[in-house]
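Participant: Residue numbers (our numbering), protein chains in the order written: chain A, 209 to 324; chain B, 3 to 115.
#1: Could you have a look at residue 87 (chain B) and say whether DSSP puts it in helix, strand or coil?
#2: For residue 42 (chain B), which option in A:321, A:284 and A:314 has the closest C-alpha, if you only look at C-alpha atoms?
#3: Under DSSP, the beta strand (DSSP E) around residue 71 (chain B) begins and ends at which residues?
#4: So within the segment 11–55 of chain B, which uninterrupted beta strand (DSSP E) runs reach at least 3 residues, ignoring any that extend past its ends?
#5: Going by DSSP, what residues sit across from residue 111 (chain B) in a beta bridge?
#6: Could you have a look at residue 220 (chain A) and say whether DSSP puts it in helix, strand or coil?
#7: Can the beta-carbon of residue 79 (chain B) be found closer than 8 Å to that of residue 67 (chain B)?
#8: Determine, using beta carbons only, whether residue 10 (chain B) comes closer than 8 Å to chain A.
#9: Can you tell me whether residue 58 (chain B) is helix, strand or coil according to DSSP?
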């Protein structure tokens with residue numbers, strides 16, 4: 209079964225703290241893709257990053273970094289020096305081959321609140 | 003931003019009535035998706051399309067049907083709306099599948115009374 213687990217339902221931090229959002233996935237596929245999306249209070253869904261199963265390099269983009277570890281089936285997301293504008297729901301998602309077409313399954317999301 | 007719109011953006015309807023939501027794209031992407039978002043459930047795939055007149059079911063397809071007669075439009079129909087279908091519905095598009103990220107529309111908030 210394909211599954212994404214985001215065990216942290218809600219996280220609250222104070223501005224400038226670092227915060228890590230956890231994502232654990234399950235799949236039998238050897239080729240799969242992982243994504244992070246952000247949903248700010250305005251409600252739109254914004255793509256942040258994609259990682260394929262063959263690329264375990266960590267990635268850094270400004271204050272954001274992602275740690276992909278196949279050994280633990282995890283794709284964690286860290287925000288360094290958090291800001292109030294980072295407050296949002298963050299979704300981790302897994303793209304897997306469901307027959308002849310790929311499907312995307314989402315975790316339930318983590319609500320991050322950054323307080324000033 | 004990807005050219006994707008949804009209509010209506012808000013709708014209140016009564017139990018038992020049919021409802022159609024529209025997703026329109028200007029990107030000429032092949033793949034289109036309908037999701038619903040509910041508290042505690044994240045986003046769940048209802049139906050998707052991999053080409054004109056080519057559609058398939060997602061994980062929560064019961065009570066929903068879709069149609070795609072043109073590349074740019076993907077319609078979601080609630081055949082007889084129920085209160086359990088009160089939700090926020092998102093359409094997404096992608097130029098390919100698997101490695102391709104999906105771009106989401108602004109969402110439609112549907113309330114079934």
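From the three backbone atoms N, C-alpha and C, an ideal C-beta is built for every residue, glycine too.
Facilitator: Checking against the coordinates, here is how it stands:
#1: helix
#2: A:314
#3: 66–72
#4: 12–15, 21–27, 33–40 and 44–53
#5: B:12 and B:90
#6: strand
#7: yes
#8: no
#9: strand
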